[in-house]
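Student: Going down the list, the sequences are from chains A and B.
So in my numbering, spot 174 of the first sequence is number 188, and the numbers just go up one at a time.
So in my numbering, spot 550 of the second sequence is number 552, and the numbers just go up one at a time.
Below is a structure I'd like to ask you about.
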Amino acid sequence: MPKYGMVIDLNKCNQCEACVTACKLENNVQIVSKENAEMDRAMFWMKMLTTNYSGNYPDIRSESLPMSCMQCDEPSCIKVCPVRATYKRDDGIVAQIYPQCIGCRYCMANCPYTTKVFNWFKDEQPVENEKTYNPDVSVRPKGVVEKCTFCIHRLQKANEQAKAEHRKIREEDYVPACAEVCAAHAIYFGDLDDPNSQVSKVMRDYRKFTLQEELGTKPKVYYLSAMTE
Amino acid sequence: MDINRRDFVKLLGGSLFGLAVGSAAGSVLKLPNSAGPILYSGPRIESWKLTACTKCPGGCSLRIRLIDGLPMQAFGNPLSPINGGGICPLGLASVADLYHPSRLNGPVKKVNGKFKSISYDEAFGILSNNLKNIISDKKQDEVFIVAQTESKLRSDLFKTFSETTGFNNLIVDSFKETSALPFMKAAGEAPGFIDLDKCDYLLNFGSQMTEISQNPLYFTRKINEYRAKGFRITAVQPRLTPSISKLDDWIPLQPSQSGIFALGIAYILLKDEQYDKNFVEKNFAGFDEFKKFVLDNFVPDKVEKMIGIPSDKILETGRNFEKASAPAAYFDESVLYNSNGTQSAYAIIALNALKGFNGYGKIKANPFTADSKKEGKQIEAATFAKLNEQLSSSKGIQALIISGSNFVFNNSNPDALKKQLDAIPFIVSFSSFVDETSETAHLIIPDHCFLERLDLLTDVSIGAAAATVVQPVVDKPFFKTADTGDVIISLMKELKPDAKISYGNYSDYVKLTARKIYTGKEGILMNQSKPTVIEKGLKKIGWSTDQTGSFDDYWDSLMDAGGWWDPYSEKEPFNPKVEFKNLFDDKSFSTVSSLPQPKNKLRLNIFRKNLDYKGNMSIYPVLVEQFGNNWKAYYKLWVEINPETARSLSLTDRSKIILKTNKGKFSAFLVYNPAVMPGSLDVPFGLGHTVLGDTCGVNPLFYSENKFDPASGMPSYSETLVEIEGSQLRGAMMSGFGISGQKQYAEN
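Written out as structure tokens, the structure reads:
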């Protein structure tokens with residue numbers, strides 16, 4: 015059984031935010047109304063986060079990173095879900111069963127990375143966006159928590175295709191939207207347990223780190239730090 | 003399982019109740035409109051088609067995902083040498099163009115101030131009759147054409163139209179052509195590309211290379227490769243943009259001071275005698291005068307006093323530049339957004355000339371290269387400066403033809419401009435939407451969406467000859483729109499029936515260019531594997547098999563492949579003859595050097611967000627929401643301020659402020675950003691549309707001083723002083739803010 019994970023090379027990332035847009039469009043993530051956005055209810059499964067400014071002006075640089083659900087190996091969100099709407103699959107993906115979610119938001123509170131979002135309202139969507147909804151992904155109702163799924167619908171399709179062709183799934187068959195669109199090729203994705211996969215190879219880089227490692231959540235989204243002088 | 007009578011009745015009752023509720027709910031819980039085209043129709047058959055993005059000059063190849071023949075999503079084509087599978091937010095969002103509710107669905111004419119639908123034939127008749135009358139009155143000089151297109155073929159067609167009809171005032175409002183303006187004046191030609199394979203030191207004057215440039219996605223990959231080789235970039239610009247990496251050297255400088263800094267670097271090269279004497283002798287007309295001008299006026303100590311950059315830093319940068327074998331001082335359109343923009347560009351070109359333009363190159367046998375001298379003449383013929391001048395003169399303008407450009411939104415004085423436009427008897431627009439500019443038109447013949455038309459993007463600046471195919475991904479256009487290329491060709495034939503025009507429509511015109519690739523027999527289709535060096539060598543001596551077949555077969559293959567490129571394009575040095583006689587106006591440098599800034603005022607520094615070339619991102623709701631995401635400033639204008647400056651003015655982070663300029667007041671959301679130049683307020687351009695797309699926020703350009711670069715007519719982005727209402731000064735901190743950023747720089 016593969017164990018899916020992601021490595022983001024911050025040295026290559028140029029913060030173009032294509033991953034943010036791709037995620038939003040691929041997963042039919044709701045565009046909230048202006049009023050809701052004002053109340054910090056904008057929904058992004060993937061966001062570009064400026065975490066820090068290092069140095070003093072003018073020798074100053076911003077430290078930014080693309081951030082989605084960390085797909086933890088020891089996810090703190092599933093431990094608090096009273097209805098088991100969130101669970102970890104055998105392939106390591108932390109998934110969400112939307113019809114089962116009761117919207118208590120315990121998982122959001124317990125996620126140290128604050129990457130989960132809540133559907134407060136069902137806002138009217140722009141026509142042009144509705145017409146380009148991805149038919150592979152269901153639109154979530156209001157009152158449920160949502161988050162990055164590593165584009166799990168793509169895995170399902172890749173599995174079906176591989177099964178139809180009587181073969182095993184190949185590395186290139188399954189790539190989340192964010193990794194696919196990255197022009198800098200800064201996002202690597204694949205089976206962390208396969209020593210020959212590209213993601214395993216780049217993970218051996220000495221620059222590797224995870225966010226809030228000390229919490230023991232064992233994120234499966236790794237970063238390669240940006241190089242400095 | 004046993005069921006007794008009571009259970010059966012219960013079950014039956016329950017089922018009937020369920021059915022009743024279900025049928026009632028059916029009428030209430032209708033499927034959303036969104037589901038219509040997808041769920042109501044067809045078997046959900048997925049298909050993919052290749053086309054190219056026309057949203058910027060890059061020419062990225064796209065894979066469009068269609069469900070039951072309807073485009074749903076866009077992705078990058080991994081086989082494209084330009085974007086290598088990548089795609090930017092603008093490209094991702096662009097499929098929405100097709101379904102946009104504000105799209106015009108056919109020609110309209112203005113009747114009593116309102117647009118009324120008319121037939122194409124009527125619209126074309128109005129257009130041709132108006133222009134025929136102007137030709138018969140011999141008033142062609144009083145017609146202006148403003149064409150914003152990033153397709154070289156399209157801009158060439160407009161040039162041909164202009165030449166054929168005698169409407170010589172053509173402004174090609176494209177990123178590349180605007181960026182090339184100073185080169186065309188000083189050197190007569192623009193470089194083909196910056197050669198990042200050869201370049202070993204890049205001095206970047208204000209270009210947001212990976213965000214808003216000639217080819218952002220190509221630069222994204224190429225600059226990563228460049229940095230991996232250990233080469234450095236020095237970025238000279240007022241803002242710490244995402245293009246600037248931790249490994250780069252950032253010199254914060256107001257754009258209007260770029261020219262002085264470039265000449266300060268030139269001083270080092272001239273003083274150290276480390277310039278390319280051979281090149282200068284042959285190609286630099288008036289070099290001695292230039293040398294004297296620089297040595298007399300731009301001693302590093304003097305430059306430090308003028309712009310505040312420490313002389314040591316100027317010396318260090320100068321030495322880096324002079325010791326590099328192929329340095330490039332790079333600039334693009336962004337440098338022109340200043341009242342001395344073209345002057346600054348000349349200074350940067352002169353700096354390149356001192357090193358023989360070694361960091362630049364051009365393709366030796368590019369099948370698509372037109373006669374550059376001719377282009378130069380065209381470009382010189384009309385700019386926004388000339389349009390502004392003629393609009394305000396008594397001569398006036400008889401007709402204005404607008405294609406794609408929303409120059410009213412990109413102007414600092416839209417009200418006055420609109421009044422001037424109102425005085426023009428006939429304005430025709432080919433815009434797909436009613437925007438701030440096309441709303442002034444008398445007639446609109448909307449263009450197809452880029453997913454409905456054919457084109458070939460041949461000017462992609464990747465250091466190799468390449469052409470990406472734009473092709474219809476839908477069976478037929480959604481509405482009664484018309485390809486502007488077709489309209490222009492028909493118009494040309496109507497106005498000049500005797501003219502020799504070898505193409506019947508735009509499709510034929512595109513095929514003529516494709517034929518050049520076919521007959522050249524060089525390069526490969528994008529879906530073909532790169533030939534080995536041996537294969538290439540064999541081909542050179544005549545050992546090759548022709549597998550292309552007829553042109554029609556080749557054309558079909560080209561469409562299937564999404565494009566063509568020549569991986570073995572031969573490069574040649576860019577060796578133009580330069581002359582700056584009468585181009586340098588030392589006054590413009592001396593005036594910017596003083597930059598008076600009163601104690602209680604800050605400098606408004608307008609910046610462009612990632613990929614928002616002309617403020618047209620607002621038509622995409624997904625991008626408008628994302629616009630201020632970094633600062634959690636949604637659907638509103640924000641300004642960024644250095645915390646030190648903010649504290650001196652008692653301004654708190656994330657507060658609402660009122661800004662006051664000479665043109666009025668506007669409110670904004672203030673955020674602290676320690677990378678902003680002290681004494682400046684960084685404000686994004688792109689919000690504040692009044693007609694098209696989301697109308698949230700404010701356009702800061704509307705509150706800016708009416709200062710323009712006299713040569714190009716581009717509005718100034720950074721020469722407006724602003725006061726924050728209610729802010730309290732702490733006197734001492736504010737003294738000499740004009741160069742305090744640099745003062746702090748010197749202290750560090």
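Every residue gets a Cβ at the ideal spot worked out from N, C-alpha and C, and that includes glycine.
Since the model is a prediction, treat every value here as computed from it, not as a measurement.
1. Mind checking if His450 of chain B is an interface residue toward chain A, Cβ cutoff 9 Å exclusive?
2. What does Thr722 of chain B pair with, by DSSP beta-bridge criteria?
3. How would you list, in chain order, the residues of chain A whose beta-carbon sits under 8 Å from the beta-carbon of Tyr636 of chain B?
4. At what residues does the beta strand (DSSP E) containing Ser431 of chain B begin and finish?
5. According to DSSP, is Asp23 of chain A part of a helix, a strand, or is it coil?
6. Our contact map puts Thr722 of chain B next to Leu606 of chain B with C-beta atoms below 8 Å; I'd like the distance itself, whole angstroms only.
7. What residue ranges within the region 129 to 192 of chain B form continuous beta strand (DSSP E) runs of no fewer than 3 residues, ordered along the chain?
8. Nearest chain B C-beta to Thr64 of chain A closer than 9 Å, yes or no?
9. Using a Cβ-Cβ cutoff of 8 Å, what residues of the region 156 to 172 of chain A are near chain B? List them in chain order.
10. Take the Cβ of Gly358 of chain B as the centre, count every other Cβ of all protein chains shown within 10 Å, and call the residue buried at 16 or more, exposed below.
11. Measure the alpha-carbon distance for Ser63 of chain B versus Ile659 of chain B and round it to whole angstroms.
12. Per the DSSP calculation, Ser669 of chain B is bridged to which residue(s)?
13. So which of B:Tyr220, B:Thr654, B:Lys709, B:Gln628 has the shortest CA-CA distance to Val34 of chain A?
14. On the DSSP bridge assignment, give the partners of Phe370 of chain B in chain order.
15. Under 9 Å between beta-carbons, which chain B residues line up against Val34 of chain A? List them in chain order, please.
16. Mind checking the region 64 to 87 of chain A against chain B and listing, in chain order, the residues whose C-beta falls within less than 7 Å of any C-beta there?
17. For Ile403 of chain B, return the contacting residues in chain A, with the cut-off set at a CB-CB distance below 7 Å.
18. Can you list, in chain order, the stretches of the beta strand (DSSP E) that have 3 or more residues and sit fully within the region 441 to 470 of chain B?
19. Rounded to a whole number of angstroms, what is the C-alpha to C-alpha distance between Ala54 of chain B and Glu454 of chain B?
20. Using only alpha-carbon positions, find the residue among B:Ala264, B:Leu402, B:His444, B:Gly363 that is nearest to Arg321 of chain B.
21. List the residues of chain D that Trp252 of chain B touches, going by C-beta distances under 9 Å, in chain order.
22. Does Pro190 of chain A come within less than 9 Å of chain B when only Cβ atoms are used?
23. Quick one, which of B:Lys616, B:Glu306, B:Ile351 has its alpha-carbon nearest Val286 of chain B's?
24. My parser needs the beta strand (DSSP E) runs of 3 or more residues fully inside the region 63 to 119 of chain A; what are they?
25. On a CA-only basis, which of A:Glu31, A:Glu40, A:Asp23, A:Arg168 is nearest Val153 of chain A? Give me that one, please.
26. Are the C-beta of Gln216 of chain B and some C-beta of chain A separated by less than 9 Å?
27. If you draw a straight line from the C-alpha of Leu703 of chain B to the C-alpha of Val475 of chain B, how long is it?
28. Going by other Cβ atoms of all chains shown within 10 Å of its Cβ, with 16 needed for buried, is Pro96 of chain A buried or exposed?
29. State the DSSP-derived secondary structure class of Ala197 of chain A, mapped to helix, strand or coil.
30. Pick helix, strand or coil for Gly320 of chain B, following the three-state DSSP scheme.
31. Is the Cβ of Met20 of chain A closer than 9 Å to any Cβ of chain B?
32. When the Cα atoms are used, what is the spatial distance from Met217 of chain A to Leu639 of chain B?
33. According to DSSP, Ala237 of chain B sits in a beta bridge with which residue or residues?
34. What separation, rounded to the nearest whole angstrom, lies between the Cα atoms of Gln345 of chain B and Gly261 of chain B?
35. For Ala99 of chain A, tell me which candidate among A:Cys196, A:Glu160, A:Asn70 has the shortest Cα-Cα distance.
36. Using 10 angstroms around the beta-carbon of Trp545 of chain B, count the other beta-carbons present and answer buried if the total reaches 16, otherwise exposed.
Tutor: According to the data block:
1. no
2. B:Leu606
3. Lys48, Ala51, Glu52, Ala56
4. 428 to 431
5. strand
6. 4 Å
7. 145 to 149, 171 to 174
8. yes
9. none
10. buried
11. 43 Å
12. B:Ile660
13. B:Gln628
14. According to DSSP, Phe370 of chain B bridges with nothing at all.
15. Pro91, Gln628, Asn631
16. Thr64, Tyr67, Asn70, Tyr71, Pro72, Asp73, Ile74, Arg75, Ser76
17. Ordered by position in chain A, no residue passes the 7 Å Cβ test against Ile403 of chain B, which lies about 28 Å from the chain.
18. 457 to 459
19. 11 Å
20. B:Ala264
21. Included in the structure are the protein chains A and B, with no chain D among them.
22. no
23. A small correction: the amino acid at residue 286 of chain B is Phe; Val does not occupy that position in the sequence shown. Nearest C-alpha to Phe286 of chain B: B:Ile351.
24. 75 to 81, 100 to 102, 108 to 110
25. A:Glu40
26. no
27. 37 Å
28. exposed
29. coil
30. helix
31. no
32. 40 Å
33. B:Asn206, B:Trp252
34. 7 Å
35. A:Glu160
36. exposed
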